[in-house]
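If you're matching positions, the sequence shown starts at 812 in our numbering and goes up one per residue. In what follows, a single structure is set out as structure tokens and then discussed.
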Amino acid sequence: MPVESKKNSPSAPHPEAALLQPAENVLTVRYRPSEGEACLENPPRFQWIPPQVGRRLYQIELQPLSADGSAAGKPILYSAIPFAFFTPDAPLPTGQYRWRYRVEGDAAGAWSSSRRFTLPASAAEAPFSLDLKRAGGPRPRLAIAPDGHTALRSDPAVLPQWAPFFEKSVTPWIEREIVPEPAPYPNNTRTPALWRESYIACQEALYAIRNLSIAGVLLADDALVEKARGWLLAVAAWDVDGATSRSYNDEAAFRVATALAWGYDWLRTQLSPDEAALVRASLLARGRQVARHAMEASRIETFPFDSHAIRSISAVMVPVGLALAGEDEEATTWLRYAAGYLAGPYSAWADAEGGWAEGIHYWTTAMCYALEAAALLRNCTGLDLFQRPFFRNTGQFPMYCRPAWTHRAIFGDDATLGDPPSPKIGRNAALLAAATANPDLAGYAAQVERFAESDEMAFYNYGWWDFRFDDLLRAASFPEVLPRAKGPEPQMKLFPGVGWASFQTRMDDPAQQIHCLFKSSPYGSISHSHGDQNAFCLSAFGEDLLIQSGHYVAHNSTMHRRWRRQTISKNALLIDGKGQYAEEDKFLARKAAGRIVQSGSAPNHHWAVGDATAAYAAHVPGLLEARREVHQVFGAAFVVIDHIRCEEAVPITWLGHTEGTIRTEELAATIEGVQAQAGIEIAYSSAPVAGLKVVEGFDEVLPEDYAGLTLSRRLEIHCAPARSHTLAVLINPVKRGESPDVLGFIEDQGFGKTLYCLSRDETPVRIALPG
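Printed below as a string of structure tokens:
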């Protein structure tokens, strides 16, 4: 609890120790609240960079301010803060504040720099209400219902989701032999196939232990409990430093630790003292491997761009911490850390609108564990993370950026590339819909379920999640929310913090829907992002037309490194034949950034403008500007305008990728799909158009990486060298065989140029071009 601040004694015999305050950079966290920030959450989320490596305690002093910036009343002091992030346990009065921090204890010394911020009345109330007493209370603490499972114990069939869970997620493990401990890779050389085989075996152990334990305990079925106990003891005997350790195969390690946590928690009273000691020792050792990596090796308090370490917070540290809360001091610290991280800094990949910089697939894997952890924490401890703006909004990210019928209209690494969205996206959306009472998300979840074609046994489904368990957890934890379809009107949705913009028409009817996704991200090409700033994708009438090209083969394959990560595979520009930086240096990758610098809406017109100058800087010296505008006009067509300025004259190449066929003419092309097509016209080019070209295949990719897979084609529009380029391209997606409604022409009078877009007898949309 906060107490009144006390001044340092003036008679202190030694001067205050200086406080090291490391500077922020593109790979570190930010000091939050930052100077002048208007907080979105109440209480505010505090975060700072630790002065040095190692653990220490901190204090935060919070000074209320009057309207003129002077102190208003006594400051508030928060003490004994164990991590470099902190969320108070109660909302604060709205108004202006100044905050600072320092190290507590024997090392206490000078305060940090002060930072002023505002806490507006509009800030969402989301206090850090973690009840550790409840967390260390009766088992099971990994609660799939908030009522202590009272209703489920009396009759699990009260939930319609119980029967499919028991039939498909419990019954298969009753007669199944216990999976053997995964062996090391031959010659300790990892291959994608062996890596997946190992972690899928561990996922099977998780399915068996968790699902058998839940069914056995809730049904009071001794035979099921004994089956679960057998699996649990076998897995607990695996070598914690062997082939399933975190340093050898972190995906396997995450699953084993989680399996042990569920088994230990739900079966604790069924274990003898010796058996409990065996499981607890293995669980602690595995939890320690993961926690030390996240907290000490990766140092996510300072360097937050480690997607696996961040995922382990919710995937491992929450369930392990809940299973051992109050029983082991170290594990209880992991729980406090994990819950505090999810309630505060989580996540560096996200923005308040719900965007996720790594893209839809890694949103799916991150949310899989974050949402499950949030439900477990809510059910067991009362901490409701779903009140946070990010969790309330993040279901909109796939809803606007990954329509249920699209296959390739996506950005970033994606194991489902070429398939419809994974059913797990729908499960995540359904849980968020239930937790936040959002019928639009429920409607989107129903659409995903309707269009999902991906095999449940695919490695990106079976090896990661159990849909029946998802359904059971959601139904047992939250009230049902009836689905509602989005409206038909054209609209744009921005996720400005991650640099994504979605343009939509007819979200109510997938057969009529037009979808365009535009990206210019401040995260650049770091981690699972690509060199795709100022790129776009376009889908219409049930078909992807301008796509993310390539195939998901394996991380670090030639398809991955030489094609999919590179600008050449995107609907983007090459400048002087070169793309954006998308190699392994994390610092350069983060610097190779874009940003959405402008957006707006008017009748029949939505637009967003991206600046990707920094993204090309490493490969195109002398580049002064690389700006792209995307305009949606009349809800039916798109205008893509590029502005390029260089110190020297350079050519540019406009790229458009498709799996359809491409017909070219002098200044136009047509992309033809099965049920839709897109007309592409050069509405204006300030430099001479050198020609249109169609190229098939994947440059510099080993043939074995795409043997038997579909080849894509790309349209290349070549513009002759110039120091300044303005290129405007009109794209009309229509149903196959239909004619476009939108026409364009240039009005060139005086020193300005205007692109007129016309549709039937409606008022034209006018787009200004530089003179």
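For glycine and all other residues, C-beta sits at the position ideal for the given N, C-alpha and C. Note that the structure is a prediction, hence the values are computed from the model and not measured.
Could you spell out where the beta strand (DSSP E) holding F1222 opens and where it closes? Residue numbering aside, residue 1222 sits at position 411 when the sequence shown is read from its first letter. Segment: none, F1222 is in no beta strand (DSSP E) and carries neither H nor E.
Span of the alpha helix (DSSP H) holding M1178? For the purposes of this step, residue 1178 is taken as residue 367 along the sequence shown, with counting starting at 1. Per DSSP, M1178 belongs to the alpha helix (DSSP H) from I1171 to T1192.
Given a cut-off of 7 Å, decide if I1221 and Q1315 are closer than it, judged by their beta-carbon atoms. For the purposes of this step, residue 1315 is taken as residue 504 along the sequence shown, with counting starting at 1. For the purposes of this step, residue 1221 is taken as residue 410 along the sequence shown, with counting starting at 1. The Cβ atoms of Q1315 and I1221 do not sit closer than 7 Å to each other.
For E1436, the residue or residues it bridges with in DSSP: Taking the first residue of the sequence shown as position 1, residue 1436 is located at position 625. Residue pairing from DSSP places E1436 in a beta bridge opposite R1456.
Take the Cβ of T1574 as the centre, count every other Cβ of all protein chains shown within 10 Å, and call the residue buried at 16 or more, exposed below. Along the sequence shown, one-based indexing puts residue 1574 at 763. With fewer than 16 other Cβ atoms within 10 Å, it is exposed.
Nearest CA to the CA of Q1377: which residue from A1489, N1367, A1393 and V990? The residue you call residue 1377 lines up with position 566 of the sequence shown. Ranking A1489, N1367, A1393 and V990 by Cα distance to Q1377 puts A1393 first.
Please state if the CB of A1256 and the CB of G1237 are separated by a distance shorter than 7 Å. For the purposes of this step, residue 1237 is taken as the residue at position 426 of the sequence shown. For the purposes of this step, residue 1256 is taken as the residue at position 445 of the sequence shown. In this structure, A1256 lies closer than 7 Å to G1237 by Cβ.
On the criterion of 16 or more Cβ atoms from any shown chain inside 10 Å, does K1038 qualify as buried, or is it exposed? Translated into the one-based positions of the sequence shown, residue 1038 becomes position 227. Label assigned to K1038: buried.
First through last residue of the alpha helix (DSSP H) which encompasses T961: Here residue 961 is taken as the residue at index 150 of the sequence shown, counted from 1. Where T961 is concerned, the enclosing alpha helix (DSSP H) stretches over T961 to S965.
From this set, L1305, E1086, F1065 and N1022, which residue's C-alpha is nearest W1167's C-alpha? Counted from its first residue, the sequence shown places residue 1167 at position 356. Closest by alpha carbon: L1305.
Taking its Cβ as the centre, do 16 or more other Cβ atoms sit within 10 Å of Q1391, making it buried, or is it exposed? As a working mapping, residue 1391 is identified with position 580 in the sequence shown. Flag for Q1391 reads buried.
Buried or exposed for G1298, going by 16 or more other Cβ atoms inside 10 Å? Indexing the sequence shown from 1 puts residue 1298 at position 487. Result: exposed.
Proximal residues to W1275 (C-beta, below 8 Å), its chain only, five neighbours per side dropped: In the sequence shown, the residue the question calls residue 1275 occupies position 464. Closer than 8 Å at the Cβ level, and outside the excluded window around W1275, lie Q1014, T1176, C1179 and K1235.
Proximity below 7 Å, CB of T1369 to CB of L1513: As a working mapping, residue 1369 is identified with position 558 in the sequence shown. As a working mapping, residue 1513 is identified with position 702 in the sequence shown. Yes, these two residues count as a Cβ contact at 7 Å.
Where A1437 and V1461 are concerned, what is the direct C-alpha to C-alpha distance, given to the nearest angstrom? What you label residue 1437 is simply residue 626 of the sequence shown in a count that begins at 1. What you label residue 1461 is simply residue 650 of the sequence shown in a count that begins at 1. The straight-line gap separating the alpha-carbon atoms of A1437 and V1461 is approximately 13 Å.
Which ranges would you report for the alpha helix (DSSP H) in the stretch 1040-1093 if only whole runs of at least 4 residues count? The qualifying runs are 1061-1078.
Minimum C-alpha distance to I1337 - residue among F1347, A1404, R950 and V1505: Residue mapping note: residue 1337 aligns to position 526 of the sequence shown, counting from 1. Among F1347, A1404, R950 and V1505, the Cα nearest to that of I1337 is on A1404.
E1141 versus A1072 - alpha carbon distance: On the sequence shown, position 330 is the one that residue 1141 refers to. On the sequence shown, position 261 is the one that residue 1072 refers to. Going by the C-alpha atoms only, they are around 15 Å apart.
How many Å lie between C1212 and A1312 at the Cα? As a working note, residue 1212 is residue 401 in the sequence shown. As a working note, residue 1312 is residue 501 in the sequence shown. So the alpha carbons of these two residues sit roughly 8 Å apart.
L1399: first and last residue of the uninterrupted alpha helix (DSSP H) it sits in: The residue given as residue 1399 occupies position 588 in the sequence shown. From DSSP, the alpha helix (DSSP H) with L1399 extends over K1397 to K1402.
Considering Cα atoms alone, identify which of E936, T1565, G1361 and E1164 is closest to L1228. For the purposes of this step, residue 1228 is taken as residue 417 along the sequence shown, with counting starting at 1. For L1228, the nearest C-alpha among the options comes from G1361.
Please classify R1125 as buried or exposed, where buried requires at least 16 neighbouring CB atoms within 10 angstroms. Here residue 1125 refers to the residue found at position 314 when the sequence shown is read from its first residue. According to the sequence provided, residue 1125 is Ser. The question's Arg does not apply to it. S1125 sits buried, since 16 or more C-beta atoms from the chains shown fall within 10 Å of its C-beta.
Does the beta-carbon of K1330 have 16 or more other beta-carbons within 10 angstroms, so that it is buried, or is it exposed? As a position in the sequence shown, residue 1330 is number 519, starting the count at 1. Under this definition K1330 is a buried residue.
Identity of the residues DSSP links to M1303 by a beta bridge: As a working mapping, residue 1303 is identified with position 492 in the sequence shown. Partner(s): F1314.
Could you pull the DSSP bridge partners for I1491 from this structure? Mapped onto the sequence shown, residue 1491 falls at position 680. The partner list for I1491 (beta bridge, DSSP) reads A1480 and I1542.
Would you check if the stretch 848-863 and the stretch 891-905 touch, i.e. whether three or more CB-CB distances between them fall below 8 Å? They touch, by the three-pair rule.
Rounded to a whole number of angstroms, what is the C-alpha to C-alpha distance between A1246 and A1185? Residue numbering aside, residue 1246 sits at position 435 when the sequence shown is read from its first letter. Residue numbering aside, residue 1185 sits at position 374 when the sequence shown is read from its first letter. Take the alpha-carbon of A1246 and the one of A1185: they are about 10 Å apart.
Cβ neighbours of V814 in the same chain (closer than 6 Å, five flanking residues each side left out): Position 3 of the sequence shown, counting from 1, holds the residue named residue 814. Bear in mind that the predicted position of V814 carries a pLDDT of just 48, short of 50, making it unreliable; the figure below should be weighed with that in mind. For V814, same chain residues with a beta-carbon under 6 Å away, outside a window of 5 residues either side, are L888 in chain order.
8 Å contact criterion, which P993 and A1012 should meet: CB distance rounded: To locate residue 993, count along the sequence shown from 1; it is residue 182. To locate residue 1012, count along the sequence shown from 1; it is residue 201. The C-beta distance from P993 to A1012 rounds to 5 Å, short enough to meet the 8 Å contact threshold.
Where P1414 and V1553 are concerned, what is the direct C-alpha to C-alpha distance, given to the nearest angstrom? Numbered from its first residue, the sequence shown carries residue 1414 at position 603. Numbered from its first residue, the sequence shown carries residue 1553 at position 742. Here the alpha carbons of V1553 and P1414 stand approximately 15 Å from one another.
Could you tell me how far apart the beta carbons of C1191 and R945 are, in whole angstroms, since I believe they sit closer than 8 Å? Counting from one through the sequence shown, the residue named residue 1191 turns up at place 380. Counting from one through the sequence shown, the residue named residue 945 turns up at place 134. Indeed they touch by this definition, with Cβ atoms about 6 Å apart.
Classify K817 as helix, strand or coil using the three-state DSSP reduction. One-based indexing of the sequence shown puts residue 817 at position 6. Confidence at K817 is low in this model, with a pLDDT of 44, below 50, so the placement of that residue should be treated as unreliable; the coordinate-derived value is given next. Reduced to three states, the DSSP call for K817 is coil.
C-alpha gap between S1535 and H1529, whole angstroms: Position 724 of the sequence shown, counted from the start, is the residue given in the question as residue 1535. Position 718 of the sequence shown, counted from the start, is the residue given in the question as residue 1529. Between S1535 and H1529, the alpha-carbon positions lie close to 14 Å from each other.
If you reduce the DSSP assignment to three classes, tell me which class R1547 lands in. Here the question's residue 1547 lines up with position 736 in the sequence shown. R1547 falls in the coil class under three-state DSSP.
Going by C-alpha to C-alpha distance, which of P967, F1289 and P1200 sits closest to A1031? In the sequence shown, the residue the question calls residue 1031 occupies position 220. Residue P967 holds the alpha-carbon nearest to the alpha-carbon of A1031 among P967, F1289 and P1200.
According to DSSP, is T905 part of a helix, a strand, or is it coil? The residue you call residue 905 lines up with position 94 of the sequence shown. Three-state result, T905: coil.
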